[in-house]
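The structure under discussion appears below in the form of structure tokens.
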Amino acid sequence: MTVLVQEKNFNLADEINQLKTADGATGAIISFIGIVRGDKSLKALELEHYPKMTFTALEEIKNKALKKWNLIDVRIVHRFGHLSLGEQIMMVAVAAPHRREAFEAADYIMDFLKSRAPFWKKEHGDNGSVWVNANPEDEKSLARW
Amino acid sequence: MKIKILYFAWLRERIGKSSEVIETEAKTVEQLIKDLRSKEERYDFAFSDLSSVRVALDQTLSTFDSSLKNVNEVAFFPPMTGG
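In order, the protein sequence lines correspond to chains G and E.
Heads up, the final residue of the first sequence is numbered 145 in the numbering used here, and it's a clean run with no missing numbers.
Heads up, the final residue of the second sequence is numbered 83 in the numbering used here, and it's a clean run with no missing numbers.
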């Protein structure tokens with residue numbers, strides 16, 4: 001069970017190889033990557049975070065998922081700092097005995113990461129810089145769980 | 001009492017600093033915000049719409065009516081946009 005908060009990029013395959021799949025017990029691994037999205041006017045994204053709180057918040061989300069589903073391992077990597085269009089922002093990988101719990105747990109972790117992990121995005125584009133507003137739909141998504 | 005306050009994202013920009021230590025008699029987050037707003041106009045502006053402000057007490061997401069008893073660090077920030 002690992003949570004990493006880092007400025008540098010990550011390699012999904014390497015991260016998945018780090019999952020402890022408990023020989024024979026894992027039947028499914030689900031991974032998700034978030035990417036910097038935008039039109040041509042967007043140059044980069046600045047990801048600010050609250051270092052003292054980030055790790056704890058991500059750990060808490062991970063631990064809640066572990067209580068809800070039978071999982072073998074979870075790995076979360078979230079970047080901060082300056083990210084260009086198309087770059088990887090974060091990833092979550094879940095190993096479980098069966099696919100359903102792996103899909104659901106990854107979905108759950110992503111929902112909580114969106115509005116409960118202390119990150120803020122600022123878009124730098126041709127027309128200046130603007131803070132990204134939280135999407136009210138993201139907050140509503142939490143009610144699914 | 002002395003309390004450390006942190007500001008993030010546009011709250012940091014509007015107030016013009018990322019952290020400060022202040023002396024306050026505020027018992028709750030609500031009272032602390034009231035104190036801050038009366039300090040200077042930039043604070044008043046930063047806290048003018050509380051529906052877009054969140055607070056964490058010692059790194060735990062909290063509510064405006066929460067007590068500041070035994071709290072060392074208060075953080076104010078906009079709704080989070082992780083992922």
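Quick reminder that beta carbons are idealized off the backbone N, C-alpha and C, glycines included.
For the candidate residues the options, whose alpha-carbon lies nearest to that of residue i?
i: G/Y108; options: G/S84, G/G86, G/V74 and G/V132; result: G/V74
i: G/K52; options: E/S52, E/A56 and E/D49; result: E/A56
i: G/E172; options: G/D23, G/M1, G/G27 and G/L71; result: Residue 172 of chain G lies beyond the residue range present for chain G, which begins at 1 and ends at 145; the question has no answer from this structure.
i: G/A117; options: G/I76, G/D39 and G/T26; result: G/I76
i: G/W120; options: G/V94, G/G81, G/E60 and G/A105; result: G/G81
i: E/K4; options: E/S48, E/T63 and E/L36; result: E/L36
i: G/A95; options: G/N135, G/T21 and G/K64; result: G/T21
i: G/I89; options: G/S129, G/L113 and G/N127; result: G/L113
i: G/L4; options: G/M91, G/L45, G/S31 and G/G38; result: G/M91
i: G/H49; options: E/M1, E/L6 and E/I33; result: E/L6
i: E/P79; options: E/S38, E/L50 and E/K69; result: E/L50
i: G/A146; options: G/N9, G/D23, G/I72 and G/V36; result: Past the edges of chain G, shown from 1 to 145, lies residue 146 of chain G, and the structure says nothing about it.
i: E/K39; options: E/K27, E/R54 and E/E23; result: E/E23
i: G/L12; options: G/A93, G/P136 and G/R144; result: G/A93
i: G/K122; options: E/L32, E/E73 and E/E13; result: E/E13
i: G/K8; options: G/A25, G/G24 and G/S84; result: G/S84
i: G/H124; options: G/S115, G/N17, G/E46 and G/L19; result: G/E46
i: G/D126; options: G/G38, G/E59 and G/N17; result: G/G38
i: G/F55; options: G/A102, G/S41 and G/H78; result: G/H78
Classify residue i: buried if its beta carbon has 16 or more other beta carbons within 10 angstroms, exposed otherwise.
i: E/G83; result: buried
i: G/H98; result: exposed
i: E/A17; result: Note on identity: in this sequence residue 17 of chain E is Lys, with Ala being the wrong assignment. Result: exposed.
i: E/T81; result: buried
i: E/V21; result: exposed
i: E/F45; result: exposed
i: G/L142; result: exposed
i: G/Q6; result: exposed
i: G/W69; result: buried
i: G/M110; result: buried
i: G/D138; result: buried
i: G/I35; result: exposed
i: G/A57; result: buried
i: E/E41; result: exposed
i: G/A25; result: exposed
i: G/R144; result: exposed
Opposite residue i in the DSSP bridges: which residues?
i: G/R79; result: G/Q6
i: G/E48; result: G/W120
i: E/T24; result: For E/T24, which the question treats as bridged, DSSP gives no partner whatsoever.
i: G/W131; result: G/K122
i: E/I5; result: E/E20 and E/V74
i: G/I35; result: G/Q88
i: G/I29; result: G/A95
i: E/R54; result: E/F77
i: G/D73; result: G/A95
i: E/S67; result: E/T28
Residues within the segment 86-111 of chain G neighbouring chain E, beta-carbon criterion of under 7 Å:
M90 and M110
What are the residues of the segment 128-139 of chain G that lie near chain E, defined by any Cβ-Cβ distance shorter than 7 Å?
W131, V132 and A134
Could you tell me whether the segment 65-74 of chain G touches the segment 128-135 of chain G, using the rule of 3 or more Cβ pairs below 8 Å?
no
How do the segment 27-34 of chain G and the segment 57-64 of chain E stand: do at least 3 beta-carbon pairs fall below 8 Å, yes or no?
no
At a Cβ cut of 9 Å, what residues of the segment 15-39 of chain E count as close to chain G, listed as they run along the chain?
none
For the segment 56-74 of chain G, list every residue whose C-beta sits within 7 Å of some C-beta in chain E, in sequence order.
T56
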